[in-house]
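Here is the structure we will look at.
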Ligand SMILES: Cc1ncc(COP(=O)(O)O)c(C=O)c1O
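Residue numbers (our numbering): 16 to 519.
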């Protein structure tokens, strides 16, 4: 999973970093190491990293003794560790085509591993001086990606849920008493967080295509203070019509918060012809945006983000911390964040990944080049994989897609002799189970399922006898570029699982 090229650099980078930090501690920092921990070539590391013999005070080495385990115990514990970890589903594999899960990019892993040895805390410049500056830089880049003005503010969070919580809290503070309006397909945590905030919620009416349409709100219902629009819904991967909703919101004095936790990075390819650009083009005008780098930004978990177009929102966060904010008069990120401790390593990993793989401006992936195309190409491959699978499902006599994917999430039903919701639900559940638990090697396939309600079944699955309030459908999130070439094989596995299911 981690290519040799990345793996073999880690020990050397670790010793360079340790040497430079130790030199800082003894006041000789200027002379130590190379000018950058990343600038070394193999062999350029200091010949011996500061250690037991380096003449440093004994207190530094207390740590070595406190590791407290002998080599035999270590071996045994490591064996148990690998055994436990290996019980996971193989998220890195193209035949894992289930939930929104994949390992981080090796670049994120490398930077995180290095930064974690320092363990910066981006609550304050006291705890993560450089990592906080790196976080400010990535927030600026995310802001540029969505078209926000340069003075927009924001920060990383531990998750999309916490990032949305902050945006909903700001929504409540700015329009106390007015409801927040969300679509029926908004992530479930919006209702949960509004409950926490004692913030009333209304569910937006839908148009014929199942998309939220605020113009259909009853004139008797209270005017929402903020509308939540999702670019990349969790279940179906839909991109809600931000352009249309924004026009209504502007005419009615309503704020807009965009939950682009899943879809945000697709902004990088919104001009490529692979997506409808209109909702993405409306992003610069919204009030706040959540984007999760730990979804499509190639990061490990623990990396969400929230951005606010109007920097004056920062005053809502005003608070006193008697323990921190002493080392600098610059903005400490804790001053504009609801969380206190946050992993500086998450900011460092995202900073490095963006340096390496994310262009400054949204760009068109160039299929004629095959190297170093970075995140835009990864996203384009995922999107193309989803369209391919959709085409194959449409052509198949065993499956039927629920709808054309709008990003890289594909939903579909197995065809059953009995054309009822309950028969489809049974088949979906059983095919998923067989693929993940009992299928042999060449039929293994990891899928997920999604529950649609009665009216969604009527809308998207015409011809199905609605004999139940719900129907369970199959769902594949094709969020790895490796999925692109695996689509024919995924389809073959699906067909064999279906055949076995029908054979009982
Ligand atoms: C659209 C959307 N919003 C919010 C979330 C919650 O994010 P997290 O799981 O990082 O808390 C998700 C998670 O899947 C999501 O898809």
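For glycine and all other residues, C-beta sits at the position ideal for the given N, C-alpha and C.
Quick caveat, the model's predicted, so the values are computed rather than measured.
Proximity test, residue i beta-carbon vs ligand 1 heavy atom, cut-off 7 Å
{"i": "residue 113", "result": "no"}
{"i": "residue 277", "result": "yes"}
{"i": "residue 248", "result": "yes"}
{"i": "residue 107", "result": "no"}
{"i": "residue 319", "result": "yes"}
{"i": "residue 202", "result": "yes"}
{"i": "residue 170", "result": "no"}
{"i": "residue 174", "result": "yes"}
{"i": "residue 291", "result": "no"}
{"i": "residue 274", "result": "yes"}
{"i": "residue 309", "result": "yes"}
{"i": "residue 137", "result": "no"}
{"i": "residue 245", "result": "yes"}
{"i": "residue 179", "result": "yes"}
Pairwise C-alpha distance: residue j and residue i
{"i": "residue 169", "j": "residue 493", "result": "29 Å"}
{"i": "residue 331", "j": "residue 188", "result": "8 Å"}
{"i": "residue 93", "j": "residue 292", "result": "49 Å"}
{"i": "residue 234", "j": "residue 262", "result": "18 Å"}
{"i": "residue 96", "j": "residue 358", "result": "23 Å"}
{"i": "residue 127", "j": "residue 394", "result": "22 Å"}
{"i": "residue 204", "j": "residue 516", "result": "35 Å"}
{"i": "residue 505", "j": "residue 326", "result": "47 Å"}
{"i": "residue 474", "j": "residue 464", "result": "18 Å"}
{"i": "residue 276", "j": "residue 118", "result": "17 Å"}
{"i": "residue 47", "j": "residue 137", "result": "With a pLDDT of only 42 at residue 47, under 50, the local geometry of the prediction cannot be trusted, and the value read off the model is given with reservation. Computed Cα separation, rounded: 26 Å."}
{"i": "residue 288", "j": "residue 399", "result": "11 Å"}
{"i": "residue 57", "j": "residue 215", "result": "In this prediction, residue 57 scores a pLDDT of 37, lower than 50, which makes its location untrustworthy; no coordinate-derived value is stated."}
{"i": "residue 155", "j": "residue 489", "result": "38 Å"}
{"i": "residue 367", "j": "residue 210", "result": "37 Å"}
{"i": "residue 104", "j": "residue 274", "result": "28 Å"}
{"i": "residue 476", "j": "residue 132", "result": "53 Å"}
{"i": "residue 213", "j": "residue 134", "result": "35 Å"}
{"i": "residue 195", "j": "residue 220", "result": "14 Å"}
{"i": "residue 54", "j": "residue 115", "result": "Only weak support is given to the placement of residue 54: the predicted model assigns it a pLDDT of 37, under 50, and the question is left unresolved by the model."}
{"i": "residue 106", "j": "residue 390", "result": "19 Å"}
{"i": "residue 17", "j": "residue 481", "result": "47 Å"}
{"i": "residue 409", "j": "residue 316", "result": "35 Å"}
{"i": "residue 66", "j": "residue 340", "result": "Its pLDDT being 40, under 50, residue 66 is placed unreliably by the model, and the measurement read from it follows with that caveat. Going by the C-alpha atoms only, they are around 33 Å apart."}
{"i": "residue 441", "j": "residue 448", "result": "11 Å"}
{"i": "residue 501", "j": "residue 302", "result": "39 Å"}
{"i": "residue 297", "j": "residue 469", "result": "32 Å"}
{"i": "residue 26", "j": "residue 265", "result": "54 Å"}
{"i": "residue 148", "j": "residue 351", "result": "14 Å"}
{"i": "residue 420", "j": "residue 121", "result": "28 Å"}
{"i": "residue 270", "j": "residue 328", "result": "13 Å"}
{"i": "residue 228", "j": "residue 424", "result": "23 Å"}
{"i": "residue 10", "j": "residue 321", "result": "The displayed coordinates of the chain run from 16 to 519. Any statement about residue 10 would go beyond what the structure contains."}
Range of the contiguous beta strand (DSSP E) that encloses residue i
{"i": "residue 464", "result": "463–468"}
{"i": "residue 196", "result": "195–197"}
{"i": "residue 429", "result": "424–429"}
{"i": "residue 306", "result": "303–306"}
{"i": "residue 490", "result": "485–492"}
{"i": "residue 272", "result": "270–275"}
{"i": "residue 416", "result": "414–416"}
{"i": "residue 322", "result": "319–323"}
{"i": "residue 241", "result": "241–245"}
{"i": "residue 217", "result": "216–218"}
Whole-Å CB distance - residue i paired with residue j, under 8 Å assumed
{"i": "residue 363", "j": "residue 146", "result": "5 Å"}
{"i": "residue 280", "j": "residue 290", "result": "That pair is no contact at about 12 Å."}
{"i": "residue 200", "j": "residue 245", "result": "7 Å"}
{"i": "residue 113", "j": "residue 462", "result": "5 Å"}
{"i": "residue 256", "j": "residue 232", "result": "Rounded, the Cβ-Cβ distance is 15 Å, inconsistent with contact."}
{"i": "residue 334", "j": "residue 429", "result": "Incorrect: roughly 54 Å between the Cβ atoms, too far for contact."}
{"i": "residue 319", "j": "residue 472", "result": "At roughly 32 Å, the Cβ-Cβ gap does not stay under 8 Å, so residue 319 and residue 472 are not in contact."}
{"i": "residue 396", "j": "residue 499", "result": "4 Å"}
Limits of the unbroken alpha helix (DSSP H) element including residue i
{"i": "residue 189", "result": "175–189"}
{"i": "residue 171", "result": "Segment 168–172 is the beta strand (DSSP E) holding residue 171; no alpha helix (DSSP H) there."}
{"i": "residue 395", "result": "389–410"}
{"i": "residue 37", "result": "25–40"}
{"i": "residue 359", "result": "359–372"}
{"i": "residue 420", "result": "Segment: none, residue 420 is in no alpha helix (DSSP H) and carries neither H nor E."}
{"i": "residue 151", "result": "144–161"}
{"i": "residue 91", "result": "86–100"}
{"i": "residue 132", "result": "Unbroken run through residue 132: none, as it is neither H nor E."}
{"i": "residue 447", "result": "436–448"}
Proximity test, Cβ basis, 8 Å: residue i and chain D
{"i": "residue 87", "result": "Absent from the structure is chain D; it holds one protein chain and no more."}
Near ligand 3: residue i beta-carbon under 7 Å from a heavy atom
{"i": "residue 468", "result": "No copy of ligand 3 appears in this structure; the ligands present are ligand 1."}
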